[in-house]
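So the protein sequences, as listed, match chains A and B. Sequential numbering of the first sequence, starting at 1, is according to the working numbering. Sequential numbering of the second sequence, starting at 1001, is according to the working numbering. Comments concern the structure below.
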Amino acid sequence: MTHPPQRERGRIRTRFAGLPRAPALLAASTLILACQRNAPAVPERRFEWPVPADDGDESCADVADLRACWRAGNAHVVVRPLPGYPAASAMGWRCIGAGRDRRCRDRSGEAPRFTCDGSRCSQRHARLPDDGEWSCADAAGAVVCTGGGEAAGVVAVPGRQAAGWLCGKRNHGGETVCVDLSPDFPDGQPRGWRCRTVHTGAATRLCERDPGAHVLGDVCDRQRPCVDGSQCTAGRCVPDLPRPACFFDGDCVGGACRFGTCREDRP
Amino acid sequence: MRRAAVVTLGLLVGCSAASREPVPALATDACLDFGGDRADVGFDAVFVIDVKSTCAEVLGGGITWKQVAGAPLREQHVSNNGFRLSARTARAAALLPEPWPWGIVPVSPRTRGEVGLEAAWRDSAGHRMRRELRVAAVARSHGLPNTAVGTRALLGGEGWRLIESPPGASATVDVSDRHESLRPDVAGTFHLVDGRGHQLDLRAGRFDDTPLDCGRSGCHAEIATAARASPMASVLARGLRAGSVAHARGDYPRCALGCHAVGEPGIADGGFVHVATEMGIAPDAQTTWEQLPAALRRQGGVGCLACHGPGAVPEAAARWSVLRSDVCAVCHDAPPRYGHVAAWRTSRMARADAAPRTRSQQPCVRCHTTWGSLASAQPGASARRPPDADDVGPIGIACVACHAVHEPGTAQPARALLRETPVPTVLGDILPTARARSGTCLACHAPQVDGAQPFASAAALWLGRGGIDPQSGAPLRGAAPHGLVDGGCVACHRAGPPEIERGAGHAFRADRSACRACHTRELPLEDLRGRAQALWRRLVALTGLLARDPAGAEPLHAFVTGVDRSRPLGRAAWNVLLVLEDRAAAVHNQPYARALLDAAEKAVDLAPAMREPRK
């Protein structure tokens, strides 16, 4: 069963918030109505939409349903602009790039939708950094992958590598480590799910309902600390500046790998 | 008739040469559900197509059916104003010659009993729509003991039973139309045993569950690098490119997904079409390679699994089967459009190892078997030697003997993926164009310098090389008028069954029309062979060589044992054998063949005494 589309919640504020958010069905109706006089202009269906972000010269990335930037190692939360209309699937938008080059894609355009059975959902052919061979694990709402060997007999797509992923060379073994701080969730909401990736066959992301799961983007304060490797900024849990280089703790001199980054790398 | 063939093959291995006639785009186009292709309905089996209507307006119309491809369906019956069609598929015996080879029976587009059906819906208002459906008795098979889940594997042999199945499996050996088969329903190894107690381990898996990490360092890194550069791997990517010939046809990739991607359309095997359907993507959508989801790009093109199969690689003892032409036949045996394998089967190459001793004895295996041919250049290929068992029949000099789909160390694949083979030293330099197209022929169609006797000589005659002056022992060289023919061997050996559109040249028959490019009239050919046979009889009498009638049907090299090239008469015998080993010596190079015999005859005439011929 495909999970029904749900309205995205918990956004900080969007630059294109003028148009109403609505389920996909409403979006379809809107597309039809767009042909009528006085109907609001709706862009044609296409692969991706430019949605610039006011990143300045900082390092920024989408984190869960937030956008975070890092200045001198300290994170702060900024506006996460999104297209002003709902994505076609419940998984919502996935945005890549930075500053004026930032653009958003419907998540279902390049990754399969989840199928759900009760409180368990699975995404067969989970999103991977590129066409290569990867092993991935979930960490508090982020996905960390290691590997990157080319898939044998597959024509790779130049320039498509790791779109939306933050990647670096792994400290040991010559592999690549990539981190997705805003991965796919069944309903597009990072909170309320506990997910993992299995590789017994095609990479499959399994998510189970767990209202108590602690993830990036959680609301935080003194009573509600963030998961290790993240910091409480503007009341939300944001990871330390990502410098992907590890998959296991053993990859780090200090012995602590969090979200693909060695803790000792933190400035 | 022509159109029918095109439509049939469009399913699996090709698209029509021209654009298909336009189908009117109607609002009702999505109102009829034909249920997709039927890839495995069984031999001699009744199948029913119930067309479902999802809109009321189409119920007022009717459907007419036309078979546009394949052998005529039996017991065809149309009812419900055309909304139901039933028919019976062909019998197995009509498609797959018996006895079937032991183990997993290979099935090609030609032998799967596929038919193409065209359904035309029309209503009284003149609205119409057309659909094509394909129905096949069985899915294609490489004949390897690893197969996709959901794909029926025909079993050659008798009395098969399952002795162990993977956890969760419920598949059983099925007997239909007198033949046994197994359709693995879960991933894992199915252990089978036949009535004679011979065991077969069938490994099943989904294509998309199979890792593509073959290129890990320490494993097959060089092969993976070569495979990536192969036009087979990129065939779908190139076809989807705007401006490509395939793209311009308009029916791409729909017409080619059976062969330009991994998996069998219509089977839930984790192949391209199946995964696309699971992802809610129209598999035949005209998109670009870049916009395909990564999960589909992994299944797009003729990648590793397209030939090696999904799941685990077969056990070591069964890996020889990847050398059979049946692996290529899943796409290249679809005559009349794609007839490479069909043409090859008519050639002597396909029967090169028909005699049992050619499959097991040195030095026969080097040029009579595929594994022996590969092992002569790559010793590791010896591991692909088939077992010496009665139920492993001849394989012939199969596709991979000449075509290297992933030659290690090859950054740029050769034309037609022809294998780079060292030119025998006896031949010296040859034209680059001839080497490029025919280099792979030369190793087995030229004598070895250190050979006890010449096993083959056509290439040597062609290039005026290989002879020895009986008196001095110096190389006897001659002119090579045909050495300048662009393309070498295949410039003339390019003919085949005329009904085949592509690949007919793999019959390697001499095309005499090729001669007319230079020879405006037919040249008289001397009876060099008769003269050589007479000389051979004299040499047998003089030297005590194994006496055998050189006019026999079997090649002389199978019987001659040892020619002493340290003596004049031995060198004369070598020259005579060069001519006798090449049945077309007078065509390949008449002046040189004549010179060889002249030299040999002179040596024989100078022999001091004629020994008594053997009784």
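Ideal Cβ positions, reconstructed from N, Cα and C, are used throughout, including at glycine.
{"Query": "Below-9 Å beta-carbon distance, aspartate 1213 of chain B vs any chain A residue", "Result": "yes"}
{"Query": "Contact check, arginine 1366 of chain B vs serine 1360 of chain B, beta carbons under 9 Å", "Result": "no"}
{"Query": "Coil, strand or helix - glycine 1570 of chain B by DSSP", "Result": "helix"}
{"Query": "Spatial distance of aspartate 1527 of chain B from valine 1587 of chain B (CA atoms)", "Result": "11 Å"}
{"Query": "Through-space distance from valine 1341 of chain B to alanine 1514 of chain B, alpha-carbon basis", "Result": "23 Å"}
{"Query": "Cutoff 8 Å; reference alanine 1595 of chain B; Cβ partners in own chain excluding five residues on either side", "Result": "Gly1467, Leu1476 and Gly1478"}
{"Query": "Proline 52 of chain A at chain B interface by Cβ criterion, 9 Å", "Result": "no"}
{"Query": "Three-way DSSP call (helix, strand, coil) for glycine 1280 of chain B in this model", "Result": "coil"}
{"Query": "Residue span of the beta strand (DSSP E) that contains arginine 1494 of chain B, given as start and end", "Result": "1493–1495"}
{"Query": "Neighbouring residues, chain B, relative to phenylalanine 47 of chain A (Cβ below 8 Å)", "Result": "Gln1291"}
{"Query": "Cβ-Cβ separation, cysteine 1441 of chain B to cysteine 1489 of chain B (assumed contact under 8 Å), whole Å", "Result": "5 Å"}
{"Query": "Proximity test, valine 227 of chain A beta-carbon vs the ligand FMN heavy atom, cut-off 8 Å", "Result": "The model on display carries no ligand, and the ligand FMN is accordingly not part of it."}
{"Query": "Threonine 176 of chain A (DSSP reduced to helix, strand or coil)", "Result": "strand"}
{"Query": "Proline 1432 of chain B, enclosing alpha helix (DSSP H) - first and last residue", "Result": "1432–1442"}
{"Query": "N-terminal and C-terminal residue of the alpha helix (DSSP H) that arginine 1319 of chain B is part of", "Result": "Per DSSP, arginine 1319 of chain B belongs to no alpha helix (DSSP H) and is neither H nor E."}
{"Query": "Whether glycine 1218 of chain B touches glycine 1195 of chain B by CB criterion (9 Å)", "Result": "no"}
{"Query": "Extent of the continuous beta strand (DSSP E) to which arginine 196 of chain A belongs", "Result": "193–198"}
{"Query": "Best match in B:Leu1202, B:Ala1532, B:Arg1437 and B:Ala1312 for proximity to valine 1579 of chain B [C-alpha to C-alpha]", "Result": "B:Ala1532"}
{"Query": "Cα-Cα separation between leucine 1009 of chain B and arginine 1298 of chain B, rounded to whole angstroms", "Result": "Residue confidence is low: leucine 1009 of chain B scores 26 on pLDDT, short of 50, so the model does not pin down where it sits. Its coordinate-derived value is still stated next. If I take the Cα positions, the gap works out to 24 Å."}
{"Query": "Inside the stretch 1467–1492 of chain B only - alpha helix (DSSP H) runs reaching at least 4 residues", "Result": "1489–1492"}
{"Query": "Contacts of cysteine 1255 of chain B in chain E (Cβ-Cβ under 9 Å)", "Result": "The displayed structure is made up of protein chains A and B, and chain E is not among them."}
{"Query": "Euclidean distance between Cα positions of glycine 1070 of chain B and glutamate 1114 of chain B", "Result": "6 Å"}
{"Query": "Glycine 1036 of chain B to aspartate 251 of chain A span [Cα, whole Å]", "Result": "51 Å"}
{"Query": "Rounded separation between cysteine 262 of chain A and cysteine 167 of chain A - CA only", "Result": "13 Å"}
{"Query": "Nearest-angstrom Cα separation, counted from leucine 1523 of chain B out to arginine 1003 of chain B", "Result": "Caution applies to arginine 1003 of chain B, whose pLDDT of 33 falls short of 50 and renders its modelled position unreliable; the value that the coordinates give is listed next. Their backbone Cα atoms lie some 42 Å apart in a straight line."}
{"Query": "Length of the line joining the Cα atoms of arginine 1384 of chain B and glycine 1505 of chain B", "Result": "27 Å"}
{"Query": "Rounded straight-line distance, which links the Cα of proline 1454 of chain B to that of alanine 1434 of chain B", "Result": "22 Å"}
{"Query": "Limits of the unbroken alpha helix (DSSP H) element including glutamate 1222 of chain B", "Result": "1221–1228"}
{"Query": "Buried versus exposed call for glutamate 1601 of chain B [16 or more other C-beta atoms within 10 Å across all chains shown]", "Result": "buried"}
{"Query": "Chain-ordered neighbours of serine 1234 of chain B on chain A, where CB pairs are closer than 9 Å", "Result": "Val155"}
{"Query": "Valine 1135 of chain B beta carbon less than 9 Å from that of glycine 1205 of chain B", "Result": "no"}
{"Query": "C-beta neighbour in chain B for threonine 200 of chain A, strict 9 Å", "Result": "yes"}
{"Query": "Closest by C-alpha distance to proline 242 of chain A, when choosing among A:Val78, A:His214, A:Val79 and A:Arg71", "Result": "A:Arg71"}
{"Query": "N- and C-terminal bounds of the beta strand (DSSP E) containing arginine 1131 of chain B", "Result": "1128–1135"}
{"Query": "Start-end ranges of the alpha helix (DSSP H) lying completely within the stretch 1373–1434 of chain B, minimum 4 residues", "Result": "1399–1402"}
{"Query": "Cutoff 9 Å: aspartate 1391 of chain B Cβ touching any chain A Cβ", "Result": "no"}
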